[in-house]
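Residue numbering for the sequence shown is 51 to 639, as defined by our numbering. Ideal Cβ positions, reconstructed from N, Cα and C, are used throughout, including at glycine.
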Amino acid sequence: MTAARAAVEILKREGVSNAFGVPGAAINPFYAALKAAGGVHHTLARHVEGASHMAEGYTRTHPGNIGVCVGTSGPAGTDMITGLYSAIGDSIPILCITGQAPTAVIHKEDFQAVDIASIARPVTKAATTVLEAAQVPGVFQQAFHLMRSGRPGPVLIDLPIDVQLTEIEFDPETYEPLPVYRPAATRAQAEKAVRMLNASERPLIVAGGGIINADASDLLVEFAELTGTPVVPTLMGWGVIADDHELNAGMVGLQTSHRYGNATFLESDFVLGIGNRWANRHTGKLDVYTRGRTFVHVDIEPTQIGKIFAPDYGIASDAKAALTLFVEVAKELKVAGALPDRAAWAASAQERKATLHRRTHFDDVPLKPQRVYEEMNRAFGPETRYVTTIGLSQIAGAQMLHVYKPRHWINCGQAGPLGWTIPAALGVAIADPEATVVALSGDYDFQFMLEELAVGAQHRVPYVHVLVNNSYLGLIRQAQRTFDIDFQVNLEFENLNSPELGVYGVDHVKVAEGLGCKAIRVTEPDQLLPAFERAKKLAAEFRVPVIVEAILERVTNIAMSGSDIASVNEFEDLATEPWHAPTEILPLT
51 MTAARAAVEI
61 LKREGVSNAF
71 GVPGAAINPF
81 YAALKAAGGV
91 HHTLARHVEG
101 ASHMAEGYTR
111 THPGNIGVCV
121 GTSGPAGTDM
131 ITGLYSAIGD
141 SIPILCITGQ
151 APTAVIHKED
161 FQAVDIASIA
171 RPVTKAATTV
181 LEAAQVPGVF
191 QQAFHLMRSG
201 RPGPVLIDLP
211 IDVQLTEIEF
221 DPETYEPLPV
231 YRPAATRAQA
241 EKAVRMLNAS
251 ERPLIVAGGG
261 IINADASDLL
271 VEFAELTGTP
281 VVPTLMGWGV
291 IADDHELNAG
301 MVGLQTSHRY
311 GNATFLESDF
321 VLGIGNRWAN
331 RHTGKLDVYT
341 RGRTFVHVDI
351 EPTQIGKIFA
361 PDYGIASDAK
371 AALTLFVEVA
381 KELKVAGALP
391 DRAAWAASAQ
401 ERKATLHRRT
411 HFDDVPLKPQ
421 RVYEEMNRAF
431 GPETRYVTTI
441 GLSQIAGAQM
451 LHVYKPRHWI
461 NCGQAGPLGW
471 TIPAALGVAI
481 ADPEATVVAL
491 SGDYDFQFML
501 EELAVGAQHR
511 VPYVHVLVNN
521 SYLGLIRQAQ
531 RTFDIDFQVN
541 LEFENLNSPE
551 LGVYGVDHVK
561 VAEGLGCKAI
571 RVTEPDQLLP
581 AFERAKKLAA
591 EFRVPVIVEA
601 ILERVTNIAM
611 SGSDIASVNE
621 FEDLATEPWH
631 APTEILPLT
């Protein structure tokens with residue numbers, strides 16, 4: 051069979067059922083093999099970067115998923131670099147397959163020939179241009195091994211067109227994936243970590259995205275319950291423990307954090323970090339974050355331990371392997387009556403959770419964004435899969451929305467590229483067609499790749515997209531306050547074709563409808579909940595993306611700190627009455 055057909059057969063045997071991409075001359079032999087072989091559903095994107103983000107969303111939705119994105123040579127590969135960067139930053143395995151000019155002319159500046167492997171290497175676990183057709187099966191086999199082993203991440207395989215067309219000997223019936231390598235904690239390491247936790251008075255677990263990657267959320271909750279230790283999920287780990295669990299202490303950080311989360315962390319004396327990378331927007335200034343605390347760090351990647359600061363003890367281990375042993379040790383200590391009583395410490399965390407609230411209930415027109423998230427909490431239940439990337443919309447959403455399950459907050463964390471949300475949401479909705487998928491964007495994120503809405507219309511992929519529109523680069527405007535400027539962040543203009551918008555410029559409703567989707571515009575706070583309910587019905591009826599655009603006040607400053615977790619600037623009035631924050635997890639006391 052051709053090397054291209056061998057590649058497709060390997061995809062199927064490695065569990066791939068969906069691919070996202072854009073065909074072109076240099077990758078057409080692969081597409082011919084994809085069609086002839088069957089068994090892999092392909093979604094045609096409108097932009098190749100969009101295809102890479104669809105693959106990311108697809109991977110992030112279920113344990114074991116690996117999204118595949120495909121493009122022709124040259125600019126198709128460079129377009130996908132942002133998706134690869136996003137994937138490696140958040141430890142997400144995706145496979146990027148690109149076409150390439152014939153091997154004999156790659157070096158001769160042939161049309162759309164570029165050394166994509168060299169370009170992609172810094173943002174992948176491996177990037178290879180395959181020059182010998184007989185190596186194609188081994189390169190693909192190794193790619194899946196690398197994506198799944200150790201810290202997960204993306205791989206790029208570049209296939210010259212003549213390599214794709216060359217016939218090779220390959221027997222797909224005897225193909226077997228390579229064993230996956232993941233480091234595992236030892237019993238002695240687990241015992242020491244639990245002993246250190248037991249010796250503390252006010253311990254916390256910081257639960258990162260590595261727990262979700264390892265599909266170990268149940269073990270994390272079991273260990274927390276056994277030891278009575280409150281849990282701080284990171285932004286990438288949000289959902290490992292339900293927001294309404296009595297041991298969920300809230301998120302910590304400069305931006306995507308809860309007042310009660312930061313307050314509880316500052317009271318702690320011991321931190322067990324599992325599958326987290328001590329991201330700078332979580333820690334803030336390290337002297338404040340680390341002062342007076344003992345740290346144990348568990349991570350699948352040995353070089354992550356000590357990268358940001360030196361822990362008191364480090365364990366290189368897959369989160370599931372470590373937590374399995376932690377649970378085993380904790381159970382034995384419980385039987386022996388050797389676990390301290392943490393009830394008072396856990397209760398103090400819940401007391402802060404019931405008192406340190408941000409206000410969400412405002413009746414202002416134009417809308418305050420806080421009210422949008424309050425009504426989202428009413429409209430969308432615990433089964434909702436939220437998808438978002440970066441901006442004030444994401445930061446405020448993380449402060450005010452609620453997540454109850456792993457993989458139900460799907461957020462591009464480290465890279466944060468604008469435009470990620472629409473294609474990623476499509477990937478999530480394709481991976482879980484029965485789910486309630488709700489995307490969240492500011493107007494600029496929405497405008498970056500809004501052409502991908504047509505993919506949802508063409509392929510009948512329903513989801514609800516909440517668009518908060520203030521016609522501003524809100525997060526950058528807020529950051530520019532430090533420099534006393536408001537420069538090149540204003541998106542306002544009077545749209546000649548939609549004068550009813552005033553200065554809000556782009557008519558997102560018309561654009562969405564022009565791309566084959568449904569859209570609702572909301573200008574009054576009491577319209578929000580009915581609009582969300584109608585959007586769910588429209589998505590179910592027409593099987594297309596449905597946009598709910600909320601017209602916000604032009605300027606809102608969302609709570610955040612520029613330096614450390616002890617000095618978060620609360621710009622808005624705080625909740626002092628229960629009705630100020632009616633959808634908080636615990637009513638205000």
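State the CB to CB distance for the pair L20 and Y522, rounded to an integer number of angstroms; the pair is presumed to be in contact (CB under 8 Å). Outside the shown range of the chain (51 to 639) lies residue 20, about which nothing can therefore be said.
Quick one: give me the first and last residue of the alpha helix (DSSP H) that Q214 is part of. 211 to 215
A126 to L209 span [Cα, whole Å]: 13 Å
Using only CA atoms, which one of T306, T284, R237 lies nearest to R408? T306
Only counting the same chain, and skipping five residues up and downstream in sequence, which positions put a Cβ closer than 6 Å to that of A83? A54, R55, V58
Within 10 Å of its beta-carbon, does R435 have 16 or more other beta-carbons around it, so buried, or fewer, so exposed? buried
Please check the pair E317 and R252, which I expect to be a contact at CB under 8 Å, by giving their CB distance rounded to whole angstroms. 6 Å
Flag this pair as touching only if the stretch 455 to 464 and the stretch 424 to 439 have three or more C-beta atom pairs under 8 Å; answer yes or no. yes
So within the stretch 241 to 279, which uninterrupted beta strand (DSSP E) runs reach at least 3 residues, ignoring any that extend past its ends? 253 to 257
Are at least three pairs of beta-carbons, each pair with one atom in the stretch 68 to 78 and one in the stretch 88 to 99, less than 8 Å apart? yes
Residue(s) in a DSSP beta bridge with E599: L517, R571
Taking the alpha-carbon positions, what's the I601 to E627 distance? 26 Å
Checking the sheet assignment: what are the DSSP bridge partners for G492? V518
Once the 5 residues before and after P233 are set aside, which same chain residues still bring their CB inside 8 Å of it? G200, I350, P352, A366, S367, D368, A371
Any idea what DSSP makes of D129, helix, strand or coil? helix
Report, in whole angstroms, the separation of the C-beta atoms of R110 and R457, which I expect to be a contact under 8 Å. 6 Å
In its own chain, which residues sit with a C-beta less than 6 Å from the C-beta of V488, not counting the 5 before and 5 after it? F430, T434, Y436, V514
Is it the case that the Cβ atoms of G506 and L476 are separated by a distance below 8 Å? yes
Go ahead and label F543 buried or exposed: buried means 16 or more other beta carbons lie within 10 angstroms of its beta carbon, across all protein chains shown. exposed
Just to confirm, are V290 and P283 a CB contact at a threshold of 8 Å? yes
Same chain, Cβ closer than 8 Å to K587, neighbours up to 5 away in sequence not counted: none
Please report the Cβ distance between V180 and V213, rounded to the nearest whole angstrom; I am assuming they are in contact, meaning their Cβ atoms lie under 8 Å. 6 Å
Could you compute how far the alpha carbon of R343 sits from the alpha carbon of E275? 22 Å
The stretch 72 to 79 / the stretch 167 to 186 touching (three or more Cβ pairs under 8 Å): no
When burial is assigned at 16 or more other CB atoms within 10 Å of the CB, is E223 buried or exposed? exposed
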